[in-house]
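Asker: The structure under discussion is supplied below as C-alpha cells; questions concerning it will follow.
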Amino acid sequence: MSVTTFAPETEARFALARQVADAVLFEGYVLYPYRASAAKNRLRWQFGVLVPPDWGADSEEHDFQHTECLMEPKAGATLSIELRFLHARRRTVQQARPDGGFDTVPELRLEDRVLVPWDEGGEERVEVVAAVDELLGDGVTFPFGRPAREEAEPVVDATGRPVGRLVRRSEEISGVVRLSARELDGPYRTLRLTAVVENTTAWTPEDGRGADRDAALPRSLVAAHLLMALSAGSFLSMTDPPEWAKGAIASCRNLHTWPVLAGEPGRADLVLSSPIILEDHPAIAPESPGALYDATEIDEILALRTAALTDEEKREARGTDERAAAVIDLADSMPAEVLERLHGAVRSLREMTGPGSAATAPVTEGFPDEYGVQRPDTPWWDPASDAGFDPAQDRVVVDGRSLGAGSRVLLRPGLRRSDAQDLFLQGRSAKVEAVLHDVDGGVHLAVTVEGDPGADIRREQGRFLYFQPDEITPLEDDA
C-alpha cells in the first residue's frame with residue numbers, strides 16, 4: 012500500500028469522475044441568495060459530514076462511512092482510492108488601525124463587496140493505492156491527518172490602500188481509511204470490497220456534551236466521499252446487477268453512503284461512493300452553465316433570481332465567499348443564448364441511429380415533411396384515435412392475472428426509474444383506479460395507496476400515483 016500520485020491512465024479516469032464528484036463535494040456549500048446573512052446559510056453542510064467520535068456519540072451525526080460493493084478484479088489488479096472532503100476554515104474579518112494593529116469586526120465594507128465572517132471549505136484529498144491481493148484477510152489501514160493552520164490575507168481598497176485583513180484558522184483533524192476484501196463463493200472470482208472512512212480526531216469539547224454542531228465542523232470531514240478504480244477488472248452495479256449476483260449485492264452493507272458506477276458510460280472499472288443517492292454513471296447536465304451549489308433548485312430559476320438581486324445584496328454575496336462571488340458574476344454575465352438552453356431541456360429523448368431506426372428508414376415519397384421526418388397517418392394526438400381507450404374499463408394482464416379499476420396490488424417500485432418518493436411505497440398495498448395508455452404504447456396503472464387518509468380527495472381530484480405493470484404484484488382480482 013502506498014500514498015502516491017496516480018498513474019496517468021487512472022488520473023484521467025478520476026478527472027472525468029470528479030466532474031460529478033465536485034457536485035457532491037460542494038452540494039449546499041452556499042445557497043441562494045448566496046449571502047452569509049441569509050437564514051439558509053446559517054446551518055452549513057448537510058451531506059457526508061463525519062464528526063469527531065467524542066462529539067458524534069451524543070448527536071445524530073456520524074463519525075464514519077461504510078461502503079461495500081462487489082468487484083471482479085483480474086490477476087495482479089490494483090485498487091486506487093481517492094478520499095475527498097472539505098476541511099472547514101473559520102474566517103474572521105479584521106479592520107486595520109492607524110497604529111498598524113487590527114481589530115476584529117462584524118463586517119468590512121468595500122466598494123465592490125462587504126466582507127463578513129464565514130466558514131470556507133478547503134478541498135482535501137487522500138490517495139491510496141493497494142494491490143487487490145493485499146486487501147484479502149485483515150486488509151490494510153491507512154491513517155491520515157491535517158495540521159492546524161492559521162494564515163492572514165491582506166485586504167486593500169480600490170486605491171490599493173491596506174484597510175484590513177482576513178484571518179483563516181483551520182483545526183487539526185485526523186482520520187483513517189480501512190480497506191478489505193473477501194472472496195465469495197460462486198462460478199466467478201468475485202470479491203466483496205469493504206471501504207471504511209473514519210474521523211479519528213481526538214477532540215473533547217470544552218463545554219462537554221453541550222457543544223453545538225458549529226464547534227464540531229472545523230474538526231469534521233465535510234461532504235466526504237470515495238472514488239475507487241480498478242487497474243484491471245470491473246465492479247458490479249448495485250442497482251442493476253446480473254441475476255447470479257443479486258443475493259450477494261443484497262447482503263452488502265452501506266452505511267451513510269451509496270456506491271454507484273461512475274466515469275465514462277459503458278465502463279464499470281470506477282465507483283463513486285457518495286452520501287447522496289445517485290444512479291449509475293451520473294453526469295452533469297450539458298447545458299449547465301456552471302456550479303450554482305443549490306442543487307435543490309433549477310439552474311434557470313437560480314440564474315434569473317440571482318441576476319435580479321439588488322446591488323447591495325450582490326456586494327454582500329461577493330464578500331461572503333469566492334465561490335458565491337463567482338455565482339454572482341456568472342449570473343450577471345450569462346448570455347441570452349446560454350440562459351435559453353436552460354429552459355425546457357428534454358432528458359428522455361435518445362438518439363436513434365441504428366439499423367432500422369427512424370433516422371435510417373427509407374423515406375416514402377409524399378409522406379416526409381421538409382425535414383425528412385416520417386409522418387403517421389394521423390397526428391401524434393388525435394381525440395378520435397383515442398376512442399378505443401377507456402381508463403375505467405381497460406385491463407392489463409400481470410403475472411397471468413387481469414387487472415383493472417378496483418383491483419388490489421402490491422407496489423414494487425423499479426429502482427432504475429423510480430424517484431425517492433416512490434421508494435417509500437415499497438411493499439405497500441394499493442387500489443388500481445385506472446389503466447392508462449400513452450402515445451408510445453406504454454401502459455400505466457393509476458393507483459391510490461391503501462391506508463392513505465387523503466385517498467378519497469385524491470380520487471375526486473384525479474391525482475393518482477402511477478406505476479408500470481412490472482412495478483406491481485397482483486394481490487387479488489376483484490373484478
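Per my numbering: the sequence shown = residues 12 to 490. Ideal Cβ placement from N, Cα and C applies to all residues, glycine included.
In three-state DSSP terms, what is A294?
Answerer: Coil at A294, not helix or strand.
Asker: For the segment 309 to 320 and the segment 110 to 120, state whether three or more C-beta atom pairs, one from each stretch, are separated by less than 8 Å.
Answerer: No contact exists between the segment 309 to 320 and the segment 110 to 120.
Asker: Helix, strand or coil: which one does DSSP assign to Q57?
Answerer: Looking at Q57 - three-state DSSP - the assignment turns out to be coil, as it is neither helix nor strand.
Asker: For the beta strand (DSSP E) containing A192, list its first residue and its last residue.
Answerer: It spans 184 to 194 - the beta strand (DSSP E) in which A192 sits, taken as one unbroken run.
Asker: Can you list, in chain order, the residues of its chain whose CB lies under 7 Å from that of A441, leaving out five sequence neighbours each side?
Answerer: Answer for A441: V420, L422, V458, T459, V460, E461, listed in chain order.
Asker: Which same chain residues end up closer than 7 Å to A342 when comparing Cβ atoms and leaving out the 5 residues on each side of it in sequence?
Answerer: So the list reads A314, T317, A318, once near-sequence residues are dropped.
Asker: Comparing alpha-carbon positions, which option in E38, A235, L147 lies nearest L202?
Answerer: Measuring from the Cα of L202, the nearest candidate turns out to be L147.
Asker: DSSP state of A234, grouped into three classes?
Answerer: Looking at A234 - three-state DSSP - the assignment turns out to be strand.
Asker: Return the Cβ separation of I483 and L456 in integer angstroms, given the expectation that the two are a contact with Cβ distance under 8 Å.
Answerer: That pair is a contact at about 6 Å.
Asker: For G277, tell me which candidate among C263, S248, L303, P270 has the shortest Cα-Cα distance.
Answerer: Of the candidates C263, S248, L303, P270, the one whose C-alpha sits nearest the C-alpha of G277 is S248.
Asker: Return the Cβ separation of S185 and P154 in integer angstroms, given the expectation that the two are a contact with Cβ distance under 8 Å.
Answerer: That belief holds up - the Cβ atoms of S185 and P154 are roughly 7 Å apart, short of 8 Å.
Asker: Is the distance from the Cβ of L289 to the Cβ of A279 below 9 Å?
Answerer: The answer is no: Cβ separation not under 9 Å.
Asker: Taking only three categories from DSSP, how would you classify G365?
Answerer: Note on G365: pLDDT 48, under 50, position unreliable in the model; the coordinate value appears next. Residue state, collapsed to three classes: coil.
Asker: For C80 and P270, which I take to be in contact (beta-carbon distance under 8 Å), what is that distance rounded to the nearest angstrom?
Answerer: Right, their Cβ atoms sit about 5 Å apart.
Asker: Excluding the 5 residues preceding and the 5 following P198 in the sequence, name in chain order all residues of the same chain whose CB lies nearer than 8 Å to its CB.
Answerer: Only W255 meet the Cβ criterion.
Asker: Need the endpoints of the alpha helix (DSSP H) that T211 sits in, please.
Answerer: Neither: T211 is in no alpha helix (DSSP H) and is coded neither H nor E.
Asker: Between the alpha carbons of L232 and V187, how many angstroms are there, rounded?
Answerer: Cα-Cα distance, rounded: 11 Å.
Asker: G156 and V166 - do their beta-carbons sit closer together than 9 Å?
Answerer: Going by C-beta atoms, V166 is not nearer than 9 Å to G156.
Asker: Taking the CB atoms as reference points, tell me whether W56 and L228 lie closer together than 9 Å.
Answerer: Yes, they are a contact pair.
Asker: Determine the DSSP secondary structure at K442, reduced to helix, strand or coil.
Answerer: Residue state, collapsed to three classes: strand.
Asker: Drop a sphere of 10 angstroms on the beta-carbon of S344, count the other beta-carbons inside from all chains shown, and report buried for 16 or more, exposed for fewer.
Answerer: Exposed, since its Cβ has fewer than 16 Cβ neighbours within 10 Å.
Asker: Taking only three categories from DSSP, how would you classify A25?
Answerer: Correcting the residue identity first, residue 25 is Phe in this sequence and not Ala. F25 falls in the helix class under three-state DSSP.
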